[in-house]
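Residue 25 in my numbering is what sits at position 7 of the sequence shown, and the numbering runs on without skipping anything. For each residue, glycine too, the CB sits at the ideal point set by N, CA and C. Treat the numbers as computed from the prediction; the structure is a model and nothing was measured.
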Amino acid sequence: MERHELPKPLQLKSVLKPLSIDVPTPSPIRVTFAAVARDAETGAAVPPSPRTREQFYLSVRERRKDKRRARRTERIEEIKAELEAKRAAKVAAEEEKEKKKKKEEELRIRVALAEMQREVEEACKRAKKFNAVVGFGLDEGWYPSVIECMRAVYC
């Protein structure tokens, strides 16, 4: 049986050796773009950028960071606006609820006062009908009068 061998990795040392013999190589940070750029319209050669590769990509990275930062601040502003709107809606709903509760309380008080007034008028009519004195005297209508007064005070 034949053994299948994996292909050997490229021997880069043999390629790089002749290049690196006694030649000081520049730092990768200082390597500038050597390719000649052409103008799209005229086709004339544009001189290479004096910026290093690191400077070029640093500016690209900075622009990307700035874009991300701008998007993030935009999103934060949107969230703040939403929260502010929710807070304002909540406050408005709370005020509306308070107004509604106050109106219901006023209506309940008005109804109770009207009912009490009606009972007092009925008691006065009964008292006049039977020629009784309305009050706390010991006549025949003293107990209902006490009850009505208690209702007027505590209800």
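| Asked | Found |
| --- | --- |
| Just the C-alpha distance for E138 and E166, rounded to the nearest angstrom, thanks. | Position check: residue 138 holds Val in this sequence, whereas Glu was assumed. If you take the alpha carbons of V138 and E166, they lie about 7 Å apart. |
| Is the separation between the beta-carbon of R71 and that of A63 shorter than 8 Å? | no |
| Less than 8 Å between the beta carbons of M134 and R169, yes or no? | yes |
| Who are the near neighbours of K83 in its chain, counting only those whose CB is closer than 6 Å to its CB and skipping five residues on each side? | none |
| A141 and P162: beta carbons closer than 8 Å? | yes |
| Go ahead and pull the three-state DSSP assignment for F148. | coil |
| Quick check: what's the CA-CA separation for R79 versus E92? | 20 Å |
| Which of the three DSSP states is assigned to V49 in this structure? | At V49 the pLDDT is 47, less than 50, meaning the model places this residue with poor confidence; the figure from the coordinates comes in the next sentence. Reduced to three states, the DSSP call for V49 is coil. |
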